[in-house]
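Once you know that position 124 of the sequence shown is 124 in full-length UniProt numbering, the rest is easy, because the numbers rise by one and skip nothing. To start, the structure under review is shown below, and the notes come after it.
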Amino acid sequence: MKELEIMEAIKTRRSSRSFEDRPIPEDVITDIKDAIMHSPSGSNAQESHFVIVQDKNQILKLKRFAQGVSGTPAAIVVLCSNKQEALIRGGQDTAEVLRFVNLGIVASFIILVAQSHGVGNCPARSFHQQSIKQILELPEEVDPELLISLGYTDQKPRPKTIKSVTEVISHERYNYSEN
Ligand SMILES: Cc1cc2nc3c(=O)[nH]c(=O)nc-3n(C[C@H](O)[C@H](O)[C@H](O)COP(=O)(O)O)c2cc1C
C-alpha cells in the first residue's frame, strides 16, 4: 500500500477501539522506531523511553490495568518519561513541563506513521500507572505516561464533533481575525 501523504493521514485518522487479530508488519514497527528516534525534544534532552509490546500475553496483562485500551490491539507502544534524566539533561522546565510536551510530539509522530500505513491507533491515558510500571519492569525513575494502541481496525469510528475553526484559531491576537 502506498503511504498516505501527511495531510491525508492527519485528516483521515480517527481513534480505533476494535481490532482484527492481525499482527503489525515489521516495516511499520521499523518506521515507528525511526519516527521515535527522529522526534524533537526540548534542549535535545531525549529523556523519554518507549516500550513496544507485541507479545499477546503481555498485551493482555497491560489491558487488565488499562481501561482506556479498548479491543485487543496487535501492539501497544508505552510512552515513558524519566524525570531525573529530564532534570539532568534539560533542567527544571524540562523536568516540570517539557518532558510531557516532548511525549505529545512523539505521540503524534507515532499515530501519523501508523495511519500512513493504514494501521489503526488510539492514545490512552486511562490506566493504572504503578501496575503498568510493574508489568513492564520499569526502573523507579521511569514512569509510563501514555499508551498507544496499534492494530487493523475492524469497526467504523464513532461520530465526532469538532469546534468551528474560529473558536479554536485566531490570527495575530486572541479572537481577532479578519480571515
Ligand atoms: C492524551 C490523550 C489521551 C487519551 N486517552 C484516551 C483513553 O484513555 N481512552 C480512550 O478511549 N481514548 C483516549 N483518547 C482518545 C480521544 O478520546 C480521541 O482522540 C478523541 O475523542 C478524538 O477522537 P479521534 O482521535 O477519533 O479524532 C486519548 C487521546 C489523547 C490525545
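Every residue, glycine too, gets a C-beta built ideally from N, C-alpha and C. These numbers come from a predicted model, not from an experiment.
{"Item": "For Asn82, which beta-bridge partners are listed by DSSP?", "Value": "Val142"}
{"Item": "Leaving aside the five residues before and after Gln129 along the sequence, list all residues of the same chain whose C-beta is less than 7 angstroms from its C-beta, in chain order.", "Value": "Asp143, Pro144"}
{"Item": "Cα separation between Ser48 and Pro123?", "Value": "17 angstroms"}
{"Item": "With a threshold of 8 angstroms, are at least 3 pairs of Cβ atoms found where one atom belongs to the segment 143 to 159 and the other to the segment 88 to 96?", "Value": "no"}
{"Item": "Quickly, what does DSSP pair Asn44 with across the bridge? List them, please.", "Value": "Answer is none; Asn44 lacks a bridge partner."}
{"Item": "Tell me the residue span of the alpha helix (DSSP H) that contains Asn102.", "Value": "99 to 116"}
{"Item": "Across which residues does DSSP place Arg22 in a beta bridge pair?", "Value": "Answer by DSSP bridge pairing: none, since Arg22 is not bridged."}
{"Item": "Below 8 angstroms CB to CB, which residues in the same chain sit around Leu87 once its five sequence neighbours on both sides are set aside?", "Value": "Thr94, Ala95"}
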